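Reviewing the structure listed below.
In our numbering, the protein residues as written are 29 to 252.
Rendered as structure tokens:
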């Protein structure tokens, strides 16, 4: 656990909280010692994350209306973003999984990693308070600034002005091992490629493709 604590920049006073945050239900169900799993922590972590992200966006985007702030927050706290954060941390290697989940690739499953990331937030919050949780969360939020915009939604809004137009996303390349996948996605308007993006998940690559398409249309991040 010391290695993970070094990565997150926080040393737990109560090691059991960290252990629970890393314990999937599949492990707890197989364990005979009534081990606690991380679902309750995940519930709390979701709320702590929402508070920290909402406060950050409110303070750093004073010119943006409520509806747009809501869309940005949704993009930052969705499963795809949390999966990306967990992958950056290498969280999968520290999880306690049941044998079946281990064999079926649970350490790289987006839902499991996203839930564990939220559980880790809750564990830090319970052990050290809101400021410690905020210190852990903010670097991920700040590093995700280019992804804050929901580029796919904005592109769809632009295209919908012409009802006959159709947008589709196509994965044109994928590489790397399961724990470090790399995707390349193209976005097509009817039969024409109008943007290309890359990312560690299909969703993030799609967002980057949509962003490039908007930029080619002359619509920059500050324009919406």
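Glycine included, every Cβ here is placed at the ideal spot set by N, Cα and C. Quantities reported herein were computed from a predicted structural model and do not represent experimental measurements.
When the options are compared against residue i, the one with the closest alpha-carbon
i, options, result
"residue 170", "101, 214, 212 and 201", "101"
"residue 158", "72, 222, 189 and 187", "72"
"residue 180", "82, 48, 237 and 95", "237"
"residue 206", "185, 229 and 235", "229"
"residue 43", "168, 156, 166 and 241", "156"
"residue 220", "247, 74, 241 and 190", "241"
"residue 103", "246, 234, 153 and 129", "234"
"residue 114", "92, 89 and 147", "147"
"residue 56", "90, 129, 74 and 202", "129"
Local Cβ density within 10 Å of residue i, reported as buried at 16 or more and exposed below that
i, result
"residue 175", "The pLDDT assigned to residue 175 is 44, lower than 50, so where the model puts this residue is not dependable; a value taken from the coordinates is nonetheless given after this. Label assigned to residue 175: buried."
"residue 119", "buried"
"residue 46", "buried"
"residue 125", "buried"
"residue 188", "exposed"
"residue 66", "buried"
"residue 110", "buried"
"residue 87", "exposed"
"residue 134", "buried"
"residue 54", "buried"
"residue 185", "exposed"
"residue 94", "exposed"
"residue 246", "exposed"
Under 8 Å between C-beta atoms of residue i and residue j
i, j, result
"residue 69", "residue 122", "no"
"residue 232", "residue 107", "no"
"residue 204", "residue 213", "no"
"residue 193", "residue 218", "yes"
"residue 38", "residue 164", "yes"
"residue 200", "residue 183", "no"
"residue 215", "residue 162", "no"
"residue 99", "residue 178", "yes"
"residue 64", "residue 48", "yes"
"residue 33", "residue 40", "yes"
"residue 209", "residue 117", "no"
"residue 78", "residue 105", "yes"
"residue 58", "residue 137", "no"
"residue 84", "residue 166", "yes"
Near the ligand FAD: residue i beta-carbon under 7 Å from a heavy atom
i, result
"residue 166", "In terms of ligand content, the structure shown is empty, and the ligand FAD therefore cannot be addressed."
Cβ distance (whole Å) where residue i is taken to contact residue j below 8 Å
i, j, result
"residue 150", "residue 76", "6 Å"
"residue 52", "residue 140", "6 Å"
"residue 227", "residue 211", "6 Å"
Requested in this report: Pick out the complete beta strand (DSSP E) segments inside the segment 68-111, 3 residues or longer, and give them in chain order.
Outcome: none
Requested in this report: Run through the segment 34-69 for me and flag every whole alpha helix (DSSP H) of 4 or more residues, listed as ranges in chain order.
Outcome: 43-49 and 53-58
Requested in this report: Starting from the N-terminal side, write out each stretch of the beta strand (DSSP E) that is 3 residues or longer and does not extend beyond the segment 167-205.
Outcome: 195-203
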